[in-house]
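Following: one structure in C-alpha cells, then a few remarks.
Number of protein chains: 2
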Amino acid sequence: MAAKTKADKMARSARASTGKARAARLKREPGKPLYAQVEEIIRRRLIDNYWKPGEMLPSEFELAHELSVSQGTVRKALNDMVSENLLERRQGRGTFVSEYTERRALFFYFNLIGPDGVRAMPVSKILACEQRNATEDERNRLQLAIGDSVIALHRVRSLGDSPAIVERLTLPQKFFPGLGNETRLPENLYRFFQGEYGITVAKATESVRAVAADPLEAQLLSVMPEAPLLEIDRVAVTIDGRPVEWRLSRCNTSDYRYVAERG
Amino acid sequence: MAAKTKADKMARSARASTGKARAARLKREPGKPLYAQVEEIIRRRLIDNYWKPGEMLPSEFELAHELSVSQGTVRKALNDMVSENLLERRQGRGTFVSEYTERRALFFYFNLIGPDGVRAMPVSKILACEQRNATEDERNRLQLAIGDSVIALHRVRSLGDSPAIVERLTLPQKFFPGLGNETRLPENLYRFFQGEYGITVAKATESVRAVAADPLEAQLLSVMPEAPLLEIDRVAVTIDGRPVEWRLSRCNTSDYRYVAERG
DNA sequence: TAGTGGTCTAGACCACCTT
DNA sequence: AGGTGGTCTAGACCACTAG
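These protein sequence lines map, in sequence, to chains A and B. Going by the numbering used here, the first residue of the first sequence is number 1, and it counts up by one from there. Going by the numbering used here, the first residue of the second sequence is number 1001, and it counts up by one from there.
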C-alpha cells in the first residue's frame, strides 16, 4: 500500500505544483504561530484527500521550501499531527497519512478485552437495516437538521463463538450516498468508510454506563432478562469535526472488560 | 504554594550544587539520545522528592549548563515530561512540578459526569477500615509478597445528595506507615498521599464492566437487588511504576456516565 | 549510495509574567 | 526591567531504509 511507483511519484509532483500555486506563501501573523498555519494547510489537504491514506508526504525539506518556512517549523507541525494520529513517521522511510489497518482499528476503537488481555475482532450479523428520517436524539448527536435522512443498522456481534454485543448504528445518509439497505458490511467499518466514501474517522467520544438487558437483547445475547449490560455510546467524527456515526452498543461483560488509561 | 521566597530560592540553589556534584556530566551514549538521559535525571529527582510538587525547576538555561547540553535538548526533555503530566510549564513563569489540585483530580481521576456534563466531587463515608494480610488478588494487583500487609477501606460516596458509589480500596501498608484504622480521610486521596507520604500517583489503568448489585450494595445505593451497576477497577501507580492503590468502585449509572476519548 | 527522519547545537527574537 | 518559556531559523551530524 505504501509502495511507490514512478507514476505515483510523478502524479504527486504534478499535484504538488498546483498545491504550491494554491497555498498562499506563509507570513507571520500576530498571535498565530507559523507551525500552526503549517498544520492547518496540511490538515486541509488531508480533509480534501489531496494526500490520501497510506500516501507519503513530501520531505520536511520540500514542505519547508514550498511554504517558505524552516525545516524545524515543518518538523514541529508534522510531529504535532503524529500525536493526533493523523500522520505516521518512520525514520529512513518518510511521513505517511494514517490508514485504518486492522491493528489500528482494534487498538483505538475496540477496547473490549478478554480475561487474557487479548483483543479479538468480533464477527457481526446484521439483523435490520433501514433508511428513515432522523429522530430527535439522532439529530442532536449527529448535528442533523429536521427531515435529514439516516441509515439505521441493528446488528449482533460475536466474540469467540458466542454473541456478546447488540449494536445500533446510525449514519447520516448524506455522507454515504448509495449506501442503502445492506445486509452485508465489512467488519472494519471505518476502513470501509474511508475506502468507499472518502470519510476518515479521526477520533471518537465514548461514554459508558450499566443498563439492564431488555427482553430482545436478553434473547440475542443468551442472558437473563434484566441482566446487567455495559452500554457504550460512541460518536465518531472526521478530521474536520463532523460527526459521521452514532453507535450504541450493549455488551455482555461477564467475560470481557472495557479498558482505559488515565494520567 | 508556588510563591517563592528568597529563602526558598537559596535552599534550592544550595541543593542545586549537590545535584550538580551528583549528576555525572552527560555524555553521548550510542542508542540513547541525550534528551532521554536528561529526562531520566529529572524523573529521578522527582521520585526522590528533590524537587517537590508545586516547586519551580531551574530555567532551561540553568539545567542546560548544569548538564552540559544545549537549551534545545533540555526543552525537548521538559516538554516530553509535560505530556506525561509530570511537569507544567507557563510562559513567563517557569517550569513546575505537577500537583494534585482539586481540578486536576476531578479531570484525570474522576470521569463520572452528570447529564449536564458537569463533574462534581463526591462526598465519602467510610464504612470500615482494617489492616490485614493481602489476599491473592490483592497481591497480584499490587505486586505484593505473601504475608504483606494492606489497609482495606470500604466506603460509600454520594454525588449530589444521593449515594451513588460503593468503593473498596486496598493500599499496601508499606507505603503508608502509620495509616491505621482511620474513619476520616480527605476527599482528594491522591493529594493526601502526596502531602502526607510523599507518594505521587502518576497514572492509573482502569477497566470497567457491568455487574449486578449484591444485597448490601443495593441497600447502600437505594437500588433494587440485581440492579445493573458499573464496576470500575483501577490500579494507580507512582512515577516509577509501583502500584499504590487498588480501587474497586461500583456505581449507579442511572444518572451518571463514565466518559473516555478515543483516537 | 542517496534520501529520509532523528538528534543536537547555537543563537535570535517574541510574548508573557513579575517586580 | 529582567527573567521565563515559546517560536523560529540554519546548519551539522547520525540512524535507518531502500534500491
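Backbone N, C-alpha and C fix where the C-beta goes; we use that ideal spot for every residue, glycine too.
In the three-state reduction of the DSSP assignment, phenylalanine 1192 of chain B falls in the helix class, which pools H, G and I.
According to the DSSP assignment, arginine 1247 of chain B belongs to the beta strand (DSSP E) that extends over 1243 to 1251. Not flagged as an interface residue toward chain A: tyrosine 1190 of chain B, since no C-beta distance is shorter than 8 Å. DSSP lists B:Val1201 as the bridge partner or partners of threonine 1238 of chain B. Taking a Cβ-Cβ threshold of 8 Å, the residues of chain B close to leucine 230 of chain A are Val1208, Arg1209, Ala1210, Leu1230, in chain order. The beta-carbon of tyrosine 100 of chain A is placed no less than 8 Å from the nearest beta-carbon of chain B. At least one CB of chain A lies nearer than 8 Å to the CB of threonine 1253 of chain B.
For the 8 Å CB-CB criterion, valine 1235 of chain B and alanine 1260 of chain B do not form a contact.
Contact between the stretch 1217 to 1237 of chain B and the stretch 184 to 198 of chain A is absent: fewer than three C-beta pairs spanning the two stretches fall below 8 Å. The DSSP-derived three-state label of threonine 1095 of chain B is strand.
In this structure, arginine 132 of chain A sits away from alanine 145 of chain A, with a CB-CB distance that is not shorter than 8 Å. The Cβ neighbour count for serine 68 of chain A, taken over all protein chains shown within 10 Å, is under 16; the residue is labelled exposed. For arginine 1104 of chain B, the enclosing alpha helix (DSSP H) has its first and last residue at 1102 to 1109. Contact between serine 162 of chain A and proline 122 of chain A is ruled out by a C-beta separation of about 11 Å, above the 8 Å threshold. Close partners of alanine 1105 of chain B in chain A (Cβ separation under 7 Å) are lacking, with about 11 Å as the shortest Cβ gap.
Counting only runs of at least 4 residues, the stretch 1051 to 1084 of chain B fully encloses the following alpha helix (DSSP H) elements, listed from N- to C-terminal order: 1060 to 1067, 1071 to 1083.
Membership of proline 215 of chain A in the alpha helix (DSSP H) is indicated by the continuous run 215 to 221. In this structure, DSSP gives valine 1038 of chain B a helical state, which the three-state scheme calls helix.
The beta carbon of glycine 180 of chain A sits closer than 7 Å to the beta carbons of Gln131 from its chain, once the five residues preceding and following it are set aside; these are given in chain order. The continuous alpha helix (DSSP H) containing asparagine 1140 of chain B extends over residues 1136 to 1142.
Counting along the chain, the unbroken beta strand (DSSP E) around tyrosine 258 of chain A starts and ends at 257 to 262. According to the DSSP assignment, alanine 1128 of chain B belongs to the beta strand (DSSP E) that extends over 1123 to 1133. Secondary structure at leucine 1185 of chain B: coil, using DSSP grouped into helix, strand and coil.
Interface with chain A (8 Å Cβ-Cβ cutoff): valine 1259 of chain B is included.
Burial of arginine 1155 of chain B is indicated by the presence of at least 16 other C-beta atoms within 10 angstroms of its C-beta. Proximity of threonine 183 of chain A to chain B, defined by a Cβ-Cβ separation below 8 Å, is not satisfied.
Pairing isoleucine 1165 of chain B with serine 1249 of chain B gives a Cβ-Cβ distance under 8 Å. Three or more beta-carbon pairs drawn from the stretch 64 to 78 of chain A and the stretch 34 to 43 of chain A are found closer than 8 Å, and the two stretches are therefore classed as touching.
Put simply, of B:Gly1147, B:Leu1057, B:Val1211 the residue whose alpha carbon is nearest the alpha carbon of asparagine 252 of chain A is B:Val1211. Counting only residues of its own chain and dropping the five nearest sequence neighbours on each side, alanine 1064 of chain B has a CB closer than 8 Å to the CB of Ser1070, Gln1071, Thr1073, Val1074. Distance from the CA atom of arginine 247 of chain A to the CA atom of phenylalanine 1061 of chain B, rounded to whole angstroms, is 50 Å. Excluding five sequence positions before and after threonine 1183 of chain B, the CB atoms of its chain that fall closer than 7 Å to its own CB belong to Ile1126, Cys1129, given in chain order. Only exposed fits threonine 1135 of chain B, as fewer than 16 other CB atoms lie within 10 angstroms of its CB.
The beta-carbon distance between threonine 1095 of chain B and glutamate 1138 of chain B, rounded to whole angstroms, is 38 Å. This is too long to meet the 8 Å contact definition. With a 10 Å radius around the Cβ and a threshold of 16 neighbouring Cβ atoms, methionine 224 of chain A comes out exposed.
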